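In our numbering, the protein residues as written are 324 to 480.
The beta-carbon is built from N, C-alpha and C at its ideal position, and this holds for glycine as well.
If you're wondering where the values come from, they're calculated on a predicted model, not measured in any experiment.
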Amino acid sequence: AALGKLVIYFLSRSFRILLSKESKENIEIFKEALSKGIFFAVLIFAMTPLPDDVVNIPTGLVGFNVLKYFIAVIIGKTVLTFFVVIFGSLGGVLSLEAGEMSTPILITYIAITIILSMVIVRVNWVRIVRTYNEKGLISAITEFINQVPKALTTKKR
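Next comes the structure, spelled out in structure tokens:
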């Protein structure tokens, strides 16, 4: 999956030749201002079922470091695959024991999906990326952890 994302990255990067000099200068300023945030955004989108091309295409266009991009994609896809395998095999084992997927397991899957969706939608990702840019990864993770309970209890950010 990560190799396929490199194709998208390089195709996007090739479109830079179509941009005006002014647009290229603006993109460079954007890239410098958000360099840490770009890595974090690629990582988050790669490790979730979110449509990651929304981030991958602009990342290639701005010419973000290809090695950092590839590392973020590999880490993200590895985490996603790990969780799919663990939860998929757990569900398979439990459903085999029950003969089919039991109601409690189905309810658990639905609850997990709802909770993850609420977190993804309600967490203030702008604030997390800003924290990451200003204070680093540990502070961004701490900010995320602090926001999760709020995301699960309030209607809006």
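Which two residues bound the contiguous alpha helix (DSSP H) that contains ARG453?
For ARG453, the uninterrupted alpha helix (DSSP H) segment begins and ends at 448 to 458.
If we count the other Cβ atoms within 10 Å of its Cβ and call it buried at 16 or more, is VAL407 buried or exposed?
Label assigned to VAL407: exposed.
Measuring straight from C-alpha to C-alpha, what distance separates ILE433 and ALA369?
Between the C-alpha atoms of ILE433 and ALA369 there is a straight-line separation of about 22 Å.
Between which residues of its own chain and VAL402 is the CB-CB distance below 7 Å, once the five residues before and five after are set aside?
Hits under 7 Å: MET370.
Under DSSP, the alpha helix (DSSP H) around THR371 begins and ends at which residues?
Segment: none, THR371 is in no alpha helix (DSSP H) and carries neither H nor E.
Between the Cα of PHE387 and the Cα atoms of LEU460, SER335 and LYS400, which residue gives the shortest distance?
Ranked by how close their Cα comes to the Cα of PHE387, the residues LEU460, SER335 and LYS400 have SER335 in first place.
Should LEU384 be labelled buried (16 or more other beta-carbon atoms within 10 Å of its own) or exposed?
Classification of LEU384: buried, given that the 10 Å Cβ count is 16 or more.
Report the option in ILE340, ILE361 and ILE331 whose CA atom is closest to the CA atom of TRP448.
Selection ILE340, ILE361 and ILE331 evaluated against TRP448 yields ILE361 as nearest (Cα-Cα).
Leaving out the 5 sequence neighbours to the left and right, which residues in its chain are closer than 7 Å to VAL389 when beta-carbon positions are compared?
So the list reads TYR332, once near-sequence residues are dropped.
ALA463: which of ARG450, LYS473, LEU475 and LEU329 sits nearest, CA to CA?
Its Cα nearest to that of ALA463, the residue ARG450 stands out among ARG450, LYS473, LEU475 and LEU329.
Compute the Euclidean distance between the alpha carbons of PRO568 and ILE437, then round it to the nearest angstrom.
Given that the chain is displayed from residue 324 to residue 480, the structure contains no residue 568 and the question cannot be resolved.
Reducing DSSP to helix, strand and coil, say where GLY360 ends up.
The answer is helix: DSSP assigns GLY360 an H, G or I state.
With 16 other CB atoms within 10 Å as the buried threshold, where does GLY399 fall?
By the neighbour-count rule (16 or more Cβ atoms within 10 Å), GLY399 is buried.
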